[in-house]
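Numbering (the working numbering), first residue to last: 2 to 297.
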């Protein structure tokens with residue numbers, strides 16, 4: 002039945018029998034037969050078909066959602082069995098929020114590939130909320146997020162502390178004033194922030210609450226890189242991780258505004274769904290801990 006689910010998922014994602022058949026290296030009649038057999042097994046029609054499209058109906062949405070989980074669990078089961086006789090190898094799906102995923106994870110993956118070339122990582126970079134949901138649905142073996150997660154269905158472990166600072170263009174007026182600035186100096190500034198659901202946005206809002214103020218103007222972007230470019234261009238100030246701004250500070254593209262009571266600290270956390278971990282996943286976790294310990 003696994004292959005029937007794989008064919009069904011491919012048809013749904015391609016929204017076309019012919020394109021699904023091409024990707025699966027099958028004939029279109031064979032794909033159609035797999036779908037008919039699955040529908041007979043489930044006892045319900047799953048797809049609405051026309052000459053222009055293939056779409057899920059309500060029953061199809063239920064099957065598609067669970068089919069993704071079933072196949073992910075099957076892959077994990079097979080990997081665990083393989084681990085009994087093999088060294089660390091195979092595929093692991095890793096998710097990370099933007100700050101960790103863009104500025105820290107590539108160095109960890111490089112170290113892992115050098116030491117364990119048989120491990121095949123696949124990476125998804127999403128905001129914190131989306132990474133949590135993908136781990137919860139078994140679409141990711143592990144997620145690394147910003148902040149601390151309390152969830153009865155997921156295991157969570159704080160793996161590192163992240164220091165966040167206020168940054169501005171080198172020509173910003175606050176940088177022309179000598180000495181350490183106060184939080185009250187920031188109230189009237191334009192703040193450039195990430196979108197809702199982002200761990201970096203949550204950290205900024207926690208920072209505002211902690212110091213009991215609300216920015217008068219906020220500009221919102223869905224990318225840390227765009228925020229850094231906007232700060233450099235003089236559009237406003239932002240609260241960003243020291244990991245994310247290292248190169249820009251070295252080259253003086255942006256500067257840190259030294260504020261009384263900063264840096265603001267948050268955590269990076271590692272989340273998993275199951276207590277049963279493959280050798281590849283255990284190896285990745287060990288390398289994450291080793292890498293971060295070098296910077297603690």
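By construction, the Cβ of each residue, glycine as well, lies at the ideal position given by its N, Cα and C atoms.
Beta-carbon separation (whole angstroms), residue i vs residue j, contact threshold 8 Å
i           : j           : result
residue 55  : residue 48  : 5 Å
residue 68  : residue 18  : Not confirmed; about 17 Å, so no contact.
residue 229 : residue 246 : 7 Å
residue 219 : residue 194 : 6 Å
residue 170 : residue 293 : Actually they are not in contact, since the Cβ atoms of residue 170 and residue 293 sit about 31 Å apart, beyond 8 Å.
residue 159 : residue 146 : Actually they are not in contact, since the Cβ atoms of residue 159 and residue 146 sit about 11 Å apart, beyond 8 Å.
residue 150 : residue 272 : 6 Å
residue 232 : residue 168 : 6 Å
residue 255 : residue 249 : 5 Å
residue 144 : residue 96  : 4 Å
residue 181 : residue 260 : 7 Å
Through-space distance from residue j to residue i, alpha-carbon basis
i           : j           : result
residue 235 : residue 115 : 41 Å
residue 15  : residue 278 : 32 Å
residue 99  : residue 269 : 11 Å
residue 74  : residue 139 : 7 Å
residue 226 : residue 126 : 14 Å
residue 165 : residue 241 : 5 Å
residue 45  : residue 35  : 14 Å
residue 202 : residue 37  : 46 Å
residue 130 : residue 82  : 31 Å
residue 57  : residue 199 : 30 Å
residue 32  : residue 42  : 15 Å
residue 88  : residue 179 : 58 Å
residue 137 : residue 237 : 36 Å
residue 275 : residue 65  : 22 Å
residue 40  : residue 285 : 39 Å
residue 62  : residue 104 : 36 Å
residue 213 : residue 282 : 42 Å
residue 215 : residue 190 : 10 Å
residue 287 : residue 94  : 16 Å
residue 183 : residue 173 : 15 Å
residue 263 : residue 72  : 46 Å
residue 26  : residue 106 : 34 Å
Residue i - partner residues in DSSP beta bridges
i          : result
residue 48 : 57
Three-way DSSP call (helix, strand, coil) for residue i in this model
i           : result
residue 293 : helix
residue 11  : helix
residue 182 : strand
residue 191 : strand
residue 199 : coil
residue 28  : coil
residue 141 : coil
residue 16  : coil
ask   = Of all the beta strand (DSSP E) runs that stay within the bounds of the region 144 to 174, which reach a length of 3 or more residues?
value = DSSP runs (the beta strand (DSSP E)) wholly in the region 144 to 174: 156 to 169.
ask   = Residue ranges of each beta strand (DSSP E) run of no fewer than 3 residues wholly in the region 204 to 237, ordered along the chain?
value = The qualifying runs are 218 to 221.
key: Complete beta strand (DSSP E) runs within the region 230 to 282 (minimum length 3 residues, chain order)   = The qualifying runs are 239 to 242, 256 to 258, 265 to 273.
Alpha helix (DSSP H) runs contained entirely in the region 53 to 136, provided each spans 4 or more residues = Those alpha helix (DSSP H) runs which fall completely within the region 53 to 136 and span 4+ residues are 59 to 84, 99 to 104, 106 to 116.
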